[in-house]
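Step one of this worksheet: look at the structure below.
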Amino acid sequence: YIVFTVLEISGVPLPDALEYVKGIFTPLQGFWNLMIFMYPKVMKAKRSQGGNLSWCQATTEAFCPAVNRWRERRAAKSDEQEISHEDDEKEEIPASHQQQGD
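Per our numbering: the sequence shown = residues 3 to 104.
Take a look at the structure:
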């Protein structure tokens with residue numbers, strides 16, 4: 003970017019190819035900064051799961067760790083409800099409710 007600025011200030015016209023390169027990469031400066039900053043967090047997320055996360059999942063975990071914690075709490079709550087439902091089914095029917103047909 004500095005090269006483009008120096009050339010523009012000096013009055014040297016930029017070739018069209020460099021104008022296109024400047025037009026593409028100048029707005030992406032923040033993106034590249036973000037990628038460099040987040041790379042260690044993405045790698046930490048991948049290592050925390052033993053490398054079982056895809057790059058997309060690890061990136062989501064690095065950018066939004068609260069989402070993953072919310073999913074875990076929701077899954078745990080769902081598991082608790084299933085367990086309590088199974089326990090309810092296992093309870094014996096009281097003798098007063100059993101049929102006495104025999």
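Just so you know, even glycine gets a beta-carbon here, dropped at the ideal spot from N, CA and C.
Asked, Found
"Contained alpha helix (DSSP H) runs [length at least 4] in the segment 15-64, N- to C-terminal order", "18-27 and 31-50"
"Euclidean distance between Cα positions of PRO17 and VAL8", "14 Å"
"Residue environment, LYS48, which counts as buried when at least 16 other CB atoms sit within 10 Å", "buried"
"Assumed close pair ASN70, GLU63 - CB separation to whole angstroms, cut-off 8 Å", "5 Å"
"Cβ neighbour criterion (16 or more within 10 Å) applied to VAL44", "buried"
"Member of TRP57, ILE4 and PRO67 whose CA lies at the smallest distance from the CA of PHE27", "ILE4"
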